[in-house]
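*Asks:* Taken in sequence, the protein lines are chains C and U. With the first letter of the first sequence counted as 1, position 206 gets the number 207 in this note's numbering; the numbers rise by one all the way through. With the first letter of the second sequence counted as 1, position 112 gets the number 113 in this note's numbering; the numbers rise by one all the way through.
Number of protein chains: 2
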Amino acid sequence: MKINKVNHRVKKTLVAVLLFASFNAFSHQDPLPSWNEGESKKNILAFVEKVTQKTSPDFVPTAQRVAVFDNDGTLWSEKPVYFQLLFAMDRVKEMAAEHPEWKTTQPFKAVLENDQQALAKIGNKGLLELVMATHAGLTTAEFRQVVITWLAKAKHPKFDRPYTELVYQPMLEVLTYLRENGFKTYIVSGGGIEFMRPWTEKVYGIPPEQVIGSSIKTEFQMKGADLALVRLPEMDFLDDKEGKPVAIQKFIGQRPIAAFGNSDGDLQMLQWTAAGEGPRFMSIVHHTDEKNEWAYDKDSHVGKLDKALTQGQSDGWTVIDMKQDWKRIYPFQLENN
Amino acid sequence: MKINKVNHRVKKTLVAVLLFASFNAFSHQDPLPSWNEGESKKNILAFVEKVTQKTSPDFVPTAQRVAVFDNDGTLWSEKPVYFQLLFAMDRVKEMAAEHPEWKTTQPFKAVLENDQQALAKIGNKGLLELVMATHAGLTTAEFRQVVITWLAKAKHPKFDRPYTELVYQPMLEVLTYLRENGFKTYIVSGGGIEFMRPWTEKVYGIPPEQVIGSSIKTEFQMKGADLALVRLPEMDFLDDKEGKPVAIQKFIGQRPIAAFGNSDGDLQMLQWTAAGEGPRFMSIVHHTDEKNEWAYDKDSHVGKLDKALTQGQSDGWTVIDMKQDWKRIYPFQLENN
Chain C
2 MKINKVNHRV KKTLVAVLLF ASFNAFSHQD PLPSWNEGES KKNILAFVEK VTQKTSPDFV
62 PTAQRVAVFD NDGTLWSEKP VYFQLLFAMD RVKEMAAEHP EWKTTQPFKA VLENDQQALA
122 KIGNKGLLEL VMATHAGLTT AEFRQVVITW LAKAKHPKFD RPYTELVYQP MLEVLTYLRE
182 NGFKTYIVSG GGIEFMRPWT EKVYGIPPEQ VIGSSIKTEF QMKGADLALV RLPEMDFLDD
242 KEGKPVAIQK FIGQRPIAAF GNSDGDLQML QWTAAGEGPR FMSIVHHTDE KNEWAYDKDS
302 HVGKLDKALT QGQSDGWTVI DMKQDWKRIY PFQLENN
Chain U
2 MKINKVNHRV KKTLVAVLLF ASFNAFSHQD PLPSWNEGES KKNILAFVEK VTQKTSPDFV
62 PTAQRVAVFD NDGTLWSEKP VYFQLLFAMD RVKEMAAEHP EWKTTQPFKA VLENDQQALA
122 KIGNKGLLEL VMATHAGLTT AEFRQVVITW LAKAKHPKFD RPYTELVYQP MLEVLTYLRE
182 NGFKTYIVSG GGIEFMRPWT EKVYGIPPEQ VIGSSIKTEF QMKGADLALV RLPEMDFLDD
242 KEGKPVAIQK FIGQRPIAAF GNSDGDLQML QWTAAGEGPR FMSIVHHTDE KNEWAYDKDS
302 HVGKLDKALT QGQSDGWTVI DMKQDWKRIY PFQLENN
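Structure (structure tokens):
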């Protein structure tokens with residue numbers, strides 16, 4: 002009886018020790034395992050610590066822990082061109098049978114003939130024409146399905162993998178880490194809002210109401226016997242440059258305390274975040290890994306990074322050097338590590 | 002020693018019993034104490050029960066539990082005119098010294114002279130002029146402060162109480178009840194988005210990012226040495242009628258499963274909600290209490306309710322009869338009950 006009692010006590014102590022140990026292990030687990038030790042990782046951890054510790058002079062209440070992320074080039078790749086443009090080009094090919102006039106009309110002709118030289122010259126007007134022809138005319142529900150269907154079969158030309166696998170593992174870890182620390186994470190992208198929403202929850206853990214992007218107008222209509230929101234071939238809002246702070250105010254109604262971007266299109270969003278009161282975190286993903294992704298900045302047509310890099314370096318923003326700071330780029334590279 | 006032990010056991014049992022009893026009392030507490038027993042209350046409770054019980058065929062996952070609420074006439078009063086118009090009129094009086102031309106220009110002259118006859122005739126164009134003159138030209142931060150300052154001192158002409166006290170206690174209970182059951186509650190109002198955001202969290206428990214409303218354009222500018230979002234005298238979006246489903250898709254990205262309105266301006270939002278798949282809850286607040294609030298519907302200039310009432314009655318939406326269904330209108334009436 003006495004031995005039993007001792008045994009019982011030993012067991013209880015053992016359980017307590019194990020529980021404490023595992024809790025301890027958990028609490029000391031590295032939240033950013035795909036990041037090399039260095040300034041960038043240190044800055045992220047230090048910022049989150051100081052705004053979440055109740056005794057910290059920089060403590061920020063949960064309701065104000067808003068973090069915004071650009072998408073193209075910040076959360077997933079954007080080369081050889083924005084993935085949404087590749088989607089539009091695939092749509093042109095799919096829809097060509099219904100549009101015989103496209104065989105002889107630019108920019109559609111260039112897409113159908115894979116004419117790289119002509120494609121390089123289509124400019125913003127041509128791009129807009131491609132988007133309107135391929136993104137409008139459907140209901141929002143139909144467009145959602147088109148995006149889902151495309152993503153399920155389309156493969157990236159270089160990596161031969163679905164586009165949604167070309168997201169940055171280190172940034173997924175930042176998103177999760179911030180949310181575990183009471184942050185609300187938002188996408189604020191120049192990309193189409195309804196092009197992103199069908200997959201951001203699954204891929205990034207970001208629900209549709211926290212996705213902000215460029216939009217075309219929609220109209221509430223009777224379609225047959227059904228009500229529908231029909232997508233019109235008319236721009237509603239361009240969520241880029243000066244548009245980003247405007248959209249942040251419109252959708253979120255308060256200023257973020259953390260912002261992540263990668264190009265001059267994100268400069269105003271970063272400046273707007275920086276100009277708020279209290280602790281701030283501004284970060285730029287700098288594409289420096291030519292071997293595993295791409296290396297580009299001020300001379301790139303896609304994701305041009307020039308002024309934002311200059312200001313980031315002079316103002317002490319956290320400039321992430323993908324080659325130096327990241328152990329791996331994509332989630333599928335976890336398999337090999 | 003033995004007695005002590007027994008005492009200890011009795012205490013422990015007592016504590017357990019008390020804990021259980023209070024838990025039990027809590028779990029059976031009426032979540033809608035300001036509602037009379039009747040169809041409306043029964044319908045709300047039954048809907049929430051069937052969408053939240055995991056074993057129910059009508060179970061809806063938390064991520065899809067989206068409920069939208071009109072504001073004027075649905076969550077707070079809207080008589081004698083929309084409170085935001087009273088705000089604009091007070092602003093005109095405040096700003097009159099800087100605008101000597103208003104003394105001789107309509108609609109400003111009518112406001113400054115309290116000319117009720119002229120005010121009744123200003124129409125939508127006059128209303129828009131009043132809003133632009135009083136809501137634009139400031140930064141978003143400045144406008145927020147103007148709204149807060151006004152609300153702190155302005156009193157309703159009939160009740161002589163701050164406008165934020167003229168919210169409906171039974172609807173506050175519905176908001177809380179829905180949120181406790183995993184719903185996200187949104188305002189979708191024809192009122193100005195930045196007029197509502199400064200106070201909705203405190204008054205309704207609805208944070209700024211869940212407030213959708215009409216808006217004027219803003220522009221990202223350098224103001225002195227500071228960055229600012231400046232409010233421009235130009236309409237951006239009218240969140241009324243067909244605009245409501247459009248705004249719901251834009252801001253939320255999915256269709257609500259519950260919608261509450263009170264006027265024909267909410268009809269399309271209610272129809273859009275009703276037309277979705279799975280369990281739905283559509284409700285209309287019908288103003289029938291002439292003694293404690295106001296009684297009005299199809300002949301009212303503010304909050305006209307005609308087509309929506311007809312469709313609501315024929316389609317089995319929950320039409321809330323304020324006089325019959327509610328024990329009290331405003332929170333301050335709790336003191337007397």
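Ideal placement from N, C-alpha and C gives every residue a C-beta, glycine not left out. These numbers were taken from a predicted model, which means no experiment stands behind them.
1. Listing by chain order, which chain C residues have their CB less than 9 angstroms from the CB of U:R198?
2. Short of 7 angstroms Cβ to Cβ, which residues in the region 263 to 276 of chain U face chain C?
3. Quick one: give me the first and last residue of the beta strand (DSSP E) that C:I321 is part of.
4. Return the chain-ordered list of same chain residues with a C-beta closer than 6 angstroms to the C-beta of C:Y297, the five sequence neighbours on each side being excluded.
5. Going by other Cβ atoms of all chains shown within 10 Å of its Cβ, with 16 needed for buried, is U:P257 buried or exposed?
6. Measuring alpha carbon to alpha carbon, tell me which residue in U:Q314, U:Q269 and U:P234 is nearest U:F70.
7. Assuming U:T219 and C:V247 make a contact with CB atoms under 8 angstroms, what is their CB distance in whole Å?
8. Taking only runs of the beta strand (DSSP E) that begin and end inside the region 173 to 255 of chain C, which ones reach a length of at least 3 residues, in chain order?
9. Quick check on the DSSP output: the beta strand (DSSP E) that includes U:G127 runs from which residue to which?
10. Do the region 203 to 211 of chain C and the region 168 to 184 of chain C make contact, defined as three or more Cβ pairs closer than 8 angstroms?
11. Is C:W295 helix, strand or coil when you go by DSSP?
12. Output the distance between the C-alpha atoms of U:W36 and U:N263, rounded to the nearest integer angstrom.
13. Can you look up C:S284 in the DSSP assignment and give me helix, strand or coil?
14. Starting from the Cα of U:G304, find the closest Cα among U:Q30, U:L179 and U:I285 and give me that residue.
15. At the 7 angstroms Cβ level, is C:A309 part of the contact set with chain U, yes or no?
16. Does the structure place the region 131 to 139 of chain U close enough to the region 173 to 187 of chain U that three or more beta carbon pairs sit under 8 angstroms?
17. So, under 8 angstroms CB-CB, C:R232 and C:G138 are touching, yes? Tell me the CB distance rounded to an integer number of Å.
18. Exposed or buried, what is C:P209 when buried is set at 16 or more other beta-carbons lying within 10 Å of its beta-carbon?
19. Please confirm if U:T141 has its CB atom under 7 angstroms from at least one CB of chain C.
20. Once you ignore the five residues that flank C:I253 on each side, which residues in its own chain have a CB closer than 7 angstroms to its CB?
21. Between which two residues does the alpha helix (DSSP H) containing U:G313 stretch?
22. What residue range is occupied by the uninterrupted alpha helix (DSSP H) comprising U:A275?
23. Please tell me whether, using a cut-off of 6 angstroms, the distance from the CB of C:R256 to the nearest non-hydrogen atom of the ligand HEM is below it.
24. Between which two residues does the beta strand (DSSP E) containing C:V67 stretch?
25. What number of angstroms, rounded off, separates the C-alpha of C:I117 from the C-alpha of C:M90?
26. When Cβ atoms are compared, which residues of the region 229 to 245 of chain U fall closer than 7 angstroms to chain C?
27. Please report the Cβ distance between U:V175 and U:L33, rounded to the nearest whole angstrom; I am assuming they are in contact, meaning their Cβ atoms lie under 8 angstroms.
28. Label C:F48 either buried or exposed according to how many other C-beta atoms from any shown protein chain fall within 10 Å of its C-beta, with 16 as the threshold for buried.
29. Taking just the CA atoms, how far does U:T75 sit from U:V320?
30. Work out the CA separation of U:G124 and U:Q325 for me, nearest whole Å.
31. Could you pull out every residue in the same chain whose Cβ sits closer than 7 angstroms to the Cβ of U:F60, ignoring the five residues on either side in sequence?
32. In this structure, what does DSSP give as the bridge partners for U:W77?
33. Any beta carbon from chain C within less than 7 angstroms of U:V1's own beta carbon?
34. So what's U:F160 in DSSP terms, helix, strand or just coil?
35. What does U:P108 touch in chain C if you count any residue whose Cβ is under 7 angstroms from its own?
36. For C:F109, which three-state DSSP category applies?
*Replies:* Reading from the atomic positions:
1. Those within 9 angstroms of U:R198 in chain C are G254 and Q255.
2. Those would be Q269, Q272, W273 and A276, in chain order.
3. The continuous beta strand (DSSP E) containing C:I321 extends over residues T319 to D322.
4. Taken in chain order, the residues that qualify are H288.
5. By the 10 Å Cβ count, U:P257 comes out buried.
6. Checking every option, the nearest Cα to that of U:F70 belongs to U:Q269.
7. Contact between U:T219 and C:V247 holds: CB atoms are separated by about 5 angstroms, below the 8 angstroms threshold.
8. Considered as a whole, the region 173 to 255 of chain C harbours 185 to 193, 212 to 224 and 227 to 238 as its complete beta strand (DSSP E) runs of no fewer than 3 residues, in chain order.
9. It is not in any beta strand (DSSP E) - U:G127 instead sits in the alpha helix (DSSP H) that spans G124 to H136.
10. Enough Cβ pairs lie closer than 8 angstroms, so yes.
11. In the structure shown, C:W295 sits in coil (DSSP, three-state: anything other than H, G, I, E or B).
12. Straight-line Cα distance between these residues: approximately 17 angstroms.
13. The DSSP-derived three-state label of C:S284 is strand.
14. Of the listed residues, the one whose Cα sits closest to U:G304 is U:I285.
15. Answer no: the Cβ-Cβ gap between C:A309 and chain U never drops below 7 angstroms.
16. A contact is defined here as three or more CB-CB pairs under 8 angstroms, and the region 173 to 187 of chain U fails this definition with respect to the region 131 to 139 of chain U.
17. That pair is a contact at about 7 angstroms.
18. Flag for C:P209 reads buried.
19. Taking Cβ atoms only, chain C reaches closer than 7 angstroms to U:T141, which makes this a yes.
20. Residues V67 and Y187 of the same chain have their beta carbon placed closer than 7 angstroms to that of C:I253, with the five preceding and five following residues left out of the count.
21. K308 to D316 is the span of the alpha helix (DSSP H), which, as asked, contains U:G313.
22. Annotation for U:A275: the continuous alpha helix (DSSP H) segment containing it runs L268 to A275.
23. With respect to the ligand HEM, the structure offers nothing, as it holds no ligand at all.
24. Counting along the chain, the unbroken beta strand (DSSP E) around C:V67 starts and ends at V67 to F70.
25. With the sequence shown as reference, residue 117 of chain C is identified as Gln, and Ile is not the correct amino acid for it. The C-alpha of C:M90 is placed about 12 angstroms away from the C-alpha of C:Q117.
26. Only L230 and E243 from the region 229 to 245 of chain U bring a Cβ to less than 7 angstroms from some Cβ of chain C.
27. The beta-carbon separation of U:V175 and U:L33, rounded to 7 angstroms, stays under the 8 angstroms limit for a contact.
28. With 16 or more other Cβ atoms inside 10 Å of its own Cβ, C:F48 counts as buried.
29. Their backbone Cα atoms lie some 12 angstroms apart in a straight line.
30. Here the alpha carbon of U:Q325 sits roughly 34 angstroms from the alpha carbon of U:G124.
31. Here the set comprises V52 and Q54.
32. Under DSSP, U:W77 takes part in a beta bridge, and its partners are U:D73 and U:V168.
33. Residue 1 of chain U falls outside the range modelled here, since chain U spans only 2 to 338, and no answer is possible.
34. If DSSP states are grouped into helix, strand and coil, U:F160 belongs with coil.
35. Within chain C, no C-beta atom comes nearer than 7 angstroms to that of U:P108; the closest sits roughly 28 angstroms away.
36. Under the three-state reduction of DSSP output, C:F109 falls in the helix class.
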